[in-house]
Structures are given as C-alpha cells and as structure tokens.
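Enquirer:
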Amino acid sequence: LYTLPASKTGVQVRNSLSTNNRSRLVRTQHLNRLLRLLTNAKMYSEAKNIFALMRNSTDAANTSDYRTIHDDFGDSRERGLSSVWRPTTFTIAELIRVARASDDPCLVSEVMDWGLREAVLLPEGVISDSISYLFAVGQNERTINLYYQLYDAGKINHWSDRENLEL
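Each residue of the sequence shown is one higher than the last, beginning at 1098 in the working numbering.
1) Should residue 1245 and residue 1193 be called a contact, given that it needs their Cβ atoms to be closer than 9 Å?
2) Short of 7 Å in beta carbon distance, which residues of its chain neighbour residue 1128, apart from the five on each side in sequence? Order them along the chain.
3) Going by DSSP in three states, residue 1236 sits in which element: helix, strand or coil?
4) Return helix, strand or coil for residue 1252, following the three-state DSSP convention.
5) Just to confirm before moving on: does the CB-CB distance between residue 1201 and residue 1145 stay below 9 Å?
6) Based on Cα-Cα distance, which residue from 1143, 1218, 1232 and 1149 lies nearest to residue 1186?
7) Grab me the residues of residue 1239's own chain with a C-beta within less than 7 Å of its C-beta, minus the 5 sequence neighbours each way, in chain order.
8) Return the residue from the list 1234, 1254, 1190 and 1140 that minimises the CA-CA distance to residue 1211.
9) Please work out which residues of its chain come closer than 6 Å, Cβ to Cβ, to residue 1198, disregarding the five sequence neighbours upstream and downstream, and give them in chain order.
10) State the DSSP-derived secondary structure class of residue 1202, mapped to helix, strand or coil.
11) According to DSSP, is residue 1185 part of a helix, a strand, or is it coil?
Next up, the structure:
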C-alpha cells in the first residue's frame, strides 16, 4: 500500500509529490525478488497480486493519475507518468512458473500477452513452457491463439503454412 500513489489509496496528503514518488522507489528488480520469494513459498495469490499491480502500472489509462494529483494541488505543469514497473525476462519467466504451479492457464495467456505488448525478450524455454502447458491442460484455443501471437511477433518460426497448422 505504501508504494501506491495517494489517489489510489484514498489518502489525502499535503505534499502529494513526495507521496506519489513512493512508487518510484520500488523498482522492477525489487518486485522480481518478491515474486521469487512468493513463488518459493507457494503464495501464488500474492504473486498474482504483484502481477496485477505491475501490469496496471503499464496501462495507458493510469498515466492520467499523476496529472490529476498535481492539478488538484495547483501544479499546472503538464506531466505524464510513464510505466512504473516494466517487466523483464525474469518477470515473465517467474510469472509463468507461478501460473503453472497454481494451475492457472488464464494467467499464462495474460502474462505472455503482457510480455509481447511490452516487447520483453522471451527465451525459447519460456515460450515452450507456456505453449506446452496450455496444450497439456487441454486449452487448445488458448494454445493456438498464443502460438499465432508469438508467430506474428516474430518470436517463433514454423516450417509449414501457418494457416494449416495443427497441434
């Protein structure tokens, strides 16, 4: 809660600039370490909450919060807030590990989609784990959709016509 901007916590503060900058103190590598700890402790729901927090920080709709806070306190300068927490290869890999361990195929799709949107380097192992997991749990439609997303993004190649692809 401490890392969230004041407007999201409902806390009224006099010095909103310092309160909003708290979210800047927590970096992606800190959240990556926290994800690893939560995964090892089998605290999957907490890891999913970290994913939601990170993903929501990259959504364009949230960039207006910073401007709103400052406008309320008379700061008329135009400011935008770029993504606070951008995923790394480790972030995506650890979240795929969480999704597989917690048996959550929807999370696999969401994490891979986020990684593709944010142009994260996706190693073959992470791609293979994601596709094979979705296929193994019978999520054929999600498997094909993910495959096509990865193919369209140039992350994987296929030797035959993709229109006739069968798994």
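Cβ coordinates follow ideal geometry from the N, Cα and C atoms, glycine included.
Expert: Put simply:
1) Here residue 1245 is not near residue 1193, since their CB atoms are 9 Å or more apart.
2) Closer than 7 Å at the Cβ level, and outside the excluded window around residue 1128, lie 1147, 1151 and 1182.
3) Three-state result, residue 1236: coil.
4) Residue 1252 falls in the coil class under three-state DSSP.
5) Yes, they are a contact pair.
6) Nearest neighbour of residue 1186 by Cα position, chosen from 1143, 1218, 1232 and 1149, turns out to be 1218.
7) Correct list, in chain order: 1202, 1206 and 1231.
8) Comparing Cα-Cα distances from residue 1211 to each of 1234, 1254, 1190 and 1140, the minimum goes to 1190.
9) No residues qualify anywhere along the chain.
10) Of the three classes helix, strand and coil, the one that applies to residue 1202 here is helix, per DSSP.
11) Here DSSP, grouped into helix, strand and coil, assigns residue 1185 to coil.
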